[in-house]
Amino acid sequence: MLIVGNWKMYGLAGGVGEARALASALDTAPTAARIGLCPPALLIARLVAAVAGSKLSIGGQDCHALSEGAYTGDLSAEMLGDAGATLVILGHSERRAGHGETDQIVAGKVNGALRAGLMPIVCVGETLEQRQAGGAEAVVTAQVVGSLPDSVAEADFAIAYEPVWAIGSGLTPTPAEIEAMHAAIRETLASRFSGAGRKIPILYGGSVKPANAAELLHLNEVGGALVGGASLKAKDFEAIIRAA
Ligand code: PEP
């Protein structure tokens, strides 16, 4: 089980205290899950220092495909790693929609993350229009295929299925819809990576809260969660982790 918090563009210096509170709660939380927290990049080094020695891994929310270059404002995976990050969220729908990230661009970033020794968490998900048109599984499995470069075959990585319409909306798919999509993703991974494809964690993301976490995290083929809003407060995120 892998549970990762995505702070998005929220969090100033006060966020360090939330991360510290979460890290100390995890010292006593009876969980075998791997736990990650992805703050805005400027907080990575501070959170890494604040939670050193705890079960909490710190990650980035995006990276450039290349290790360095004339790319004003961008950060490479090596830079995230240098700050102490060990994982990175890639291809989040907010970046696909707001920054024009295609599957091909995401695949390049996955290569960059692996080169730098970071664990990529590759996000996929359909829009409401795509679901209503009956094409959700085809859209999502095509994103899985297109966003994963061959270099990922032997690597430690995860997929996060996040229906775009469920992110930050308070809406979630039905349990049957989540299980059907995770099964389709599993078959796609197994046909590409055979035995190894059966072990890749497939996280669910989209309005995971303390109140629905237990149900969502125990569905078939749900190997964890990517949590946005509810990861901002240590108490809420801890409750989700305890539900695993
Ligand atoms: C996310 O940003 O990846 C996400 C799932 O957000 P939320 O949990 O707030 O829906």
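Numbered according to this note's numbering, the sequence shown spans residues 453 to 696. Even for Gly, the Cβ is constructed at its ideal location relative to N, Cα and C. Computed from a prediction, not measured in an experiment: that's the story for all the values here.
Assignment of beta strand (DSSP E) within the stretch 498–584, counting only whole runs of 3 or more residues, yields 508–512, 539–542, 571–576 in chain order. Ranked by Cα distance from Ile573, the options Glu629, Ile487, Gly469, Leu668 are led by Ile487. Of all alpha-carbon atoms in Phe609, Thr593, Val616, Gly587, the one lying nearest the alpha-carbon of Gly550 is that of Val616.
Comparing C-alpha distances from Ile652 to each of Gly676, Val576, Phe609 shows the shortest one belongs to Phe609. Arg650 is classed as exposed because its beta carbon has fewer than 16 other beta carbons within 10 Å across all chains shown.
Residues Cys575 of the same chain have their beta carbon placed closer than 6 Å to that of His544, with the five preceding and five following residues left out of the count. Sequence-distant partners of Glu553 (beyond 5 residues in either direction) whose C-beta falls short of 7 Å from its own C-beta, in its chain, are Gly543, Arg547. In this structure, Ala537 lies near Ile510, with their beta-carbon atoms less than 8 Å apart. Per the DSSP secondary-structure output, Tyr462 pairs with nothing in a beta bridge.
In this structure, the ligand PEP has no non-hydrogen atom nearer than 7 Å to the beta-carbon of Ser646. Looking only at Gly457, Gly587, Ala529, the smallest Cα-Cα distance to Glu629 is reached by Gly587.
Per DSSP, the beta bridge partners of Val679 are Gly457. In terms of side-chain proximity, the C-beta atom of Val558 is found no nearer than 7 Å to any non-hydrogen atom of the ligand PEP.
Close CB contacts of Ser476 within its chain, under the 8 Å cut and outside five residues either way in sequence, are with Ser506 (chain order).
Take Gly620, set aside five residues on each side of it, and the residues of its chain with a beta-carbon closer than 8 Å to its own are Ser659, Gly680, Gly681, in chain order.
Non-local C-beta neighbours of Ala535 in its own chain, meaning closer than 7 Å and more than five positions away in sequence, comprise Ile496, Ala497, Val500, ordered along the chain. Cβ atoms of Ala632 and Asn563 stay farther apart than 8 Å, at about 30 Å. For Arg472, the uninterrupted alpha helix (DSSP H) run begins and ends at 467–480, by DSSP.
Taking the Cβ of Asn664 as the reference point, every heavy atom of the ligand PEP lies at 7 Å or farther away. DSSP places Leu669 in the uninterrupted alpha helix (DSSP H) bounded by 665–669. According to DSSP, residue pairing for Gly657 in a beta bridge involves Leu678.
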